[in-house]
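Notes follow the structure.
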Amino acid sequence: MARQMLAVVKDGGTTELRQVPAPEVRQPGELVVRVMKAGICRTDLLAAEGQLDTAPTLVLGHEFSGVIEAVGKNPHRLRAGDRVTVNPVGACGNCEQCQAGDRTNCMEPRFLGLRVDGGFAEYVRLTADAVIKLPNRLSFTEGAYAEPVAAGLAVLKAGIRPEDTGLICGTNRIARLIQRILFARGFRAVECVDPAAGPRLGPGRYDFAIETDPSPRDFAMMLGAIRRRGTIILRSRLHRHIEFPLSAALHKEPVLQVVNYGPFGDAVDLLASRALELGDLFGREYPLEDFAAAFADARNGEAKKLFLAVGPD
Ligand SMILES: [Zn+2]
Ligand SMILES: [Zn+2]
Numbered sequence: 020m021a022r023q024m025l026a027v028v029k030d031g032g033t034t035e036l037r038q039v040p041a042p043e044v045r046q047p048g049e050l051v052v053r054v055m056k057a058g059i060c061r062t063d064l065l066a067a068e069g070q071l072d073t074a075p076t077l078v079l080g081h082e083f084s085g086v087i088e089a090v091g092k093n094p095h096r097l098r099a100g101d102r103v104t105v106n107p108v109g110a111c112g113n114c115e116q117c118q119a120g121d122r123t124n125c126m127e128p129r130f131l132g133l134r135v136d137g138g139f140a141e142y143v144r145l146t147a148d149a150v151i152k153l154p155n156r157l158s159f160t161e162g163a164y165a166e167p168v169a170a171g172l173a174v175l176k177a178g179i180r181p182e183d184t185g186l187i188c189g190t191n192r193i194a195r196l197i198q199r200i201l202f203a204r205g206f207r208a209v210e211c212v213d214p215a216a217g218p219r220l221g222p223g224r225y226d227f228a229i230e231t232d233p234s235p236r237d238f239a240m241m242l243g244a245i246r247r248r249g250t251i252i253l254r255s256r257l258h259r260h261i262e263f264p265l266s267a268a269l270h271k272e273p274v275l276q277v278v279n280y281g282p283f284g285d286a287v288d289l290l291a292s293r294a295l296e297l298g299d300l301f302g303r304e305y306p307l308e309d310f311a312a313a314f315a316d317a318r319n320g321e322a323k324k325l326f327l328a329v330g331p332d
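Written out as structure tokens, the structure reads:
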């Protein structure tokens, strides 16, 4: 019988811990990673709740780190024992973006934990181009945080400059992470704003505004805050539709910039540089067996990133 492993499996309307066959390397370019730490993200919760379009049965989880257990022939000089983190995009390799070398922004991604088996499991099968080696000085928990950092780095693609004045809508964990990323990249005048309280500077004083969990009220606030032809950066992965006040936008003629991910290699380098203070953003770690309690706690508050501790650190 094939080797078995524990995994958090979404199967139709239920999500449960199951024994399933452990994945194996089937062809060149593939590898199997033994998962060490996995972060729990809003996307995982929505997938478990059936609010996202996912494969009917699959292992959840897309933010994780681990050790290469087995590896087929690959051009990346990866070996068993390498410590790695993962880009969950699952590039198709064929589309325009992939052909141009930008696999992170693949047009037809098979996203881990949504379309193919993810990392809330003892082992996961990946393609060699999906892993990024972790420097020894980074813990597996820090390594599992590369995906949120890469998502945060994406705002730099919006043409904003360090001398710009910016606001980040929200005071949540993601807002604070983006602020720290921008400070690490030399920005000085970027504040996190509680939408209920409003920005510190007056209307029209900001070059850009970044949403972190948008509501129609947030858009109204951001439109009021930015200067004429300022930039509004949309980076949330919302799957529902949301109202946008077009008539208010007319007067400002804002640039709306949607961004996905920045480079995962840059995210690992930034983590390794220790330029980001992370201690207060990281919350509890739960054994894989307690995933249901971890999911419930993650639903109750997004102030801290919660992790599943799958293997020993
Ligand atoms: Zn995520
Ligand atoms: Zn592609």
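Positions in the sequence shown are counted from 1; adding 19 to them yields our numbering. From the three backbone atoms N, C-alpha and C, an ideal C-beta is built for every residue, glycine too. Because the structure is a prediction, the values reported are computed rather than measured.
Using C-beta distances below 7 Å, list every residue in its chain close to residue i, excluding the 5 sequence neighbours before and after it, in chain order.
i: ARG37; result: ALA26, VAL28
i: THR146; result: GLY48, GLU49
i: ARG199; result: LEU295, GLU296
i: ARG219; result: GLU210
i: GLY302; result: LYS323, LYS324, LEU325
i: GLU308; result: LEU36
i: GLY243; result: PRO222
i: ARG256; result: THR62
i: PHE130; result: HIS81, PRO107, VAL108, GLY109
i: LEU64; result: PHE314, ALA317, ARG318
i: PRO306; result: ALA328
i: ARG300; result: Checking the displayed sequence, the identity of residue 300 turns out to be Leu instead of Arg. Taken in chain order, the residues that qualify are ARG192, ARG195, LEU196, LYS323, LYS324.
i: GLU262; result: PRO235
i: ALA268; result: LEU242
i: GLY217; result: MET240
Kindly indicate if chain B contains any beta-carbon less than 8 Å away from that of residue i.
i: GLU35; result: No chain B appears in the structure shown, which is made up of a single protein chain.
If contacts are defined as beta-carbon pairs under 8 Å, then residue i and residue j qualify, I think. What distance do you get, rounded to the angstrom?
i: PRO107; j: GLU166; result: 6 Å
i: GLU141; j: ARG53; result: 7 Å
i: ALA169; j: ALA286; result: 4 Å
i: LEU79; j: THR34; result: 7 Å
i: ARG192; j: GLU321; result: 6 Å
i: VAL278; j: ALA173; result: 4 Å
i: LEU290; j: LEU157; result: 6 Å
i: TYR164; j: GLY58; result: 6 Å
i: ARG247; j: GLU272; result: 6 Å
i: PRO40; j: VAL143; result: That belief does not hold up - the Cβ atoms of PRO40 and VAL143 are roughly 13 Å apart, past 8 Å.
i: GLY281; j: THR231; result: Not confirmed; about 16 Å, so no contact.
i: PHE139; j: PHE310; result: 6 Å
i: GLN46; j: GLY91; result: 6 Å
i: GLY112; j: PRO75; result: That pair is no contact at about 24 Å.
Excluding the 5 residues preceding and the 5 following residue i in the sequence, name in chain order all residues of the same chain whose CB lies nearer than 8 Å to its CB.
i: LEU77; result: VAL28, LYS29, GLY132, LEU133, ARG134, VAL135, ASP136, GLY137
i: PRO264; result: PRO235, PHE238, ALA239, LEU242
i: GLN118; result: none
i: ALA312; result: TYR305
i: VAL103; result: VAL52, SER84, GLY85, VAL86, ILE87, LEU97, VAL150, ILE151, LYS152, LEU153, GLY162
i: PRO233; result: CYS188, LEU253, SER255, LEU257, ILE261
Note down, in chain order, each residue of its chain lying with its Cβ closer than 6 Å to the Cβ of residue i, except the 5 sequence neighbours on either side.
i: ARG122; result: ALA110
i: PHE159; result: MET55, LYS56, SER84, ASP332
i: ILE187; result: ALA194, ILE197, GLN198, CYS211, ILE229
i: GLU161; result: LEU290
i: THR73; result: ALA66, LEU133
i: ASP93; result: Residue identity check: residue 93 is Asn in the sequence provided, not Asp. Correct list, in chain order: GLY48, ALA147.
i: ALA208; result: THR184
i: GLU82; result: GLY58, CYS60, ALA163, GLU166
i: LYS176; result: VAL278
i: MET126; result: CYS114, GLN116
i: ASP213; result: THR190
i: ARG259; result: none
i: ARG22; result: ALA41
i: GLY171; result: LEU196, ILE197, ILE200
i: PHE206; result: PRO181
Chain-ordered residues, beta carbon under 7 Å from a heavy atom of ligand 2: ALA110, CYS111, GLY112, ASN113, CYS114, GLN116, CYS117, ARG122, CYS125, MET126, GLU127, PRO128
Does the count of Cβ pairs from the segment 146-163 and the segment 248-257 closer than 8 Å reach three? no
Would you say the segment 85-98 touches the segment 178-185, given that touching needs at least three Cβ pairs under 8 Å? no
Three CB pairs or more closer than 8 Å across the segment 90-101 and the segment 56-74: no
With a cut-off of 8 Å, do at least 3 Cβ pairs link the segment 239-247 to the segment 191-208? no
Taking only runs of the alpha helix (DSSP H) that begin and end inside the segment 166-240, which ones reach a length of at least 4 residues, in chain order? 192-203
Curious, which full-length beta strand (DSSP E) runs of at least 3 residues does the segment 41-69 contain? 49-58
3-residue-minimum beta strand (DSSP E) runs that sit fully inside the segment 78-132, ordered along the chain: 82-90, 102-105
Just list the beta strand (DSSP E) runs in the segment 229-300, keeping only unbroken ones of 3 residues or longer that don't cross its boundaries, in chain order. 245-253, 274-277
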